[in-house]
Amino acid sequence: SQQGEEDPQALSIQEGENATMNCSYKTSINNLQWYRQNSGRGLVHLILIRSNEREKHSGRLRVTLDTSKKSSSLLITASRAADTASYFCATDFSNDYKLSFGAGTTVTVRA
Amino acid sequence: DTEVTQTPKHLVMGMTNKKSLKCEQHMGHRAMYWYKQKAKKPPELMFVYSYEKLSINESVPSRFSPECPNSSLLNLHLHALQPEDSALYLCASSGSLAGSYNEQFFGPGTRLTVL
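Chains X and L, in that order, are what the protein sequence lines are. Using the numbering used here, you'd call the opening residue of the first sequence number 1 and step up by one each time. Using the numbering used here, you'd call the opening residue of the second sequence number 112 and step up by one each time.
Quick look at the structure:
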């Protein structure tokens, strides 16, 4: 079942600008992950933030987690054309192997 | 080797055909997954294998039959599919001997078209 909601649904930015997308979820989680999917391809894991963490960085990516608001954000700084993709948040909340994916944000970076 | 491979890349089949999708990983992962993804939608979990045993079946119709011959291989056998089964089928794996099961590694997918 889909636990996460993402916004915006779509985002178009100029190369070099920052892109921010948000994910909200409904129940307590063990961790929250972000994945990227280029058109028609498999998903690539970007970053995992545990429920006891508030912020995490990986290269040009910054993820925040606010468990009191049940929300997370993904910031991509200094965007490049290669960042054009769909981005999904996924929550691990059930202590089994399931991930619940959000609906995704489609990011287009214009040259 | 940090790759999950899937074959074939594309598959077109009729509703009376029998075909199989294959997935392979050599990362020592103990959990393997099949997902179905429709256009502009998130992946939907179909099956999970843990230590070569089926641990989760998300009420998938019996025309989809998973198989895990060994810890590196995962198959999805297809029979009597419907046109609405056309989708991108993704395989994933997670959980090395020393790690957790959280982060999933995805293959590139098989684009299935049912005529």
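For each residue, glycine too, the CB sits at the ideal point set by N, CA and C. Being a predicted model, the structure only gives us computed values, none of them experimental.
Label Leu208 of chain L either buried or exposed according to how many other C-beta atoms from any shown protein chain fall within 10 Å of its C-beta, with 16 as the threshold for buried.
The residue labelled residue 208 of chain L in the question sits at position 97 within the second sequence. At Leu208 of chain L the pLDDT is 49, less than 50, meaning the model places this residue with poor confidence and gives no usable figure here.
Could you tell me which of X:Asp7, X:Ser100 and X:Asn31 sits nearest to Tyr146 of chain L, measuring between CA atoms?
The residue given as residue 146 of chain L occupies position 35 in the second sequence. For Tyr146 of chain L, the nearest C-alpha among the options comes from X:Ser100.
Given a threshold of 16 other Cβ atoms within 10 Å of its Cβ, counted over all protein chains shown, does Thr84 of chain X qualify as buried or as exposed?
Here residue 84 of chain X refers to the residue found at position 84 of the first sequence. That one is buried.
For Ala81 of chain X and Ser173 of chain L, I'd like the C-alpha separation in whole angstroms.
In the first sequence, the residue the question calls residue 81 of chain X occupies position 81. In the second sequence, the residue the question calls residue 173 of chain L occupies position 62. The alpha-carbon atoms of Ala81 of chain X and Ser173 of chain L are separated by roughly 42 Å.
Indicate whether the contact test is met: 3 or more Cβ pairs, each with one atom in the segment 178 to 188 of chain L and one in the segment 133 to 146 of chain L, closer than 8 Å.
yes
Is the beta carbon of Asn31 of chain X sitting closer than 8 Å to the one on Ser58 of chain X?
Mapped onto the first sequence, residue 31 of chain X falls at position 31. Mapped onto the first sequence, residue 58 of chain X falls at position 58. Contact flag unset, no.
Compare the beta carbon distance of Met126 of chain L and Ala191 of chain L with 8 Å and say whether it is the shorter of the two.
Within the second sequence, numbered from 1, the residue matching residue 126 of chain L stands at position 15. Within the second sequence, numbered from 1, the residue matching residue 191 of chain L stands at position 80. Yes; because the gap between Cβ atoms is below 8 Å, this pair is in contact.
is_contact[Asn213 of chain L, chain X] using C-beta, thresh 8 Å:
The residue labelled residue 213 of chain L in the question sits at position 102 within the second sequence. By this cut-off, Asn213 of chain L is an interface position.
What residues from chain X crowd round Pro119 of chain L, counting only those whose CB sits closer than 9 Å?
Sequence index remark: in the second sequence, residue 119 of chain L carries index 8 (1-based). Correct list: empty, because the minimum Cβ distance to chain X is about 14 Å.
Inter-residue Cα distance where the pair is Gln33 of chain X and Lys149 of chain L:
Here residue 33 of chain X is taken as the residue at index 33 of the first sequence, counted from 1. Here residue 149 of chain L is taken as the residue at index 38 of the second sequence, counted from 1. Near 21 Å, if we compare the C-alpha coordinates of Lys149 of chain L and Gln33 of chain X.
Listed in chain order, which residues of the segment 148 to 162 of chain L have Cβ atoms closer than 7 Å to some Cβ of chain X?
Pro153, Pro154, Leu156, Val159 and Ser161
Would you mind telling me which residues of chain L sit closer than 9 Å to Gln14 of chain X, beta carbon to beta carbon, in chain order?
Here residue 14 of chain X refers to the residue found at position 14 of the first sequence. Residues of chain L passing the Cβ test: none, with the nearest at roughly 24 Å.
Taking 8 Å as the cut-off, decide whether the C-beta atoms of Leu122 of chain L and Lys130 of chain L are in contact.
In the second sequence, residue 122 of chain L corresponds to position 11, counting from 1. In the second sequence, residue 130 of chain L corresponds to position 19, counting from 1. In this structure, Lys130 of chain L lies closer than 8 Å to Leu122 of chain L by Cβ.
Gly40 of chain X classed as buried or exposed, judged by whether at least 16 other C-beta atoms fall within 10 angstroms:
Here the question's residue 40 of chain X lines up with position 40 in the first sequence. Classification of Gly40 of chain X: exposed, given that the 10 Å Cβ count is below 16.
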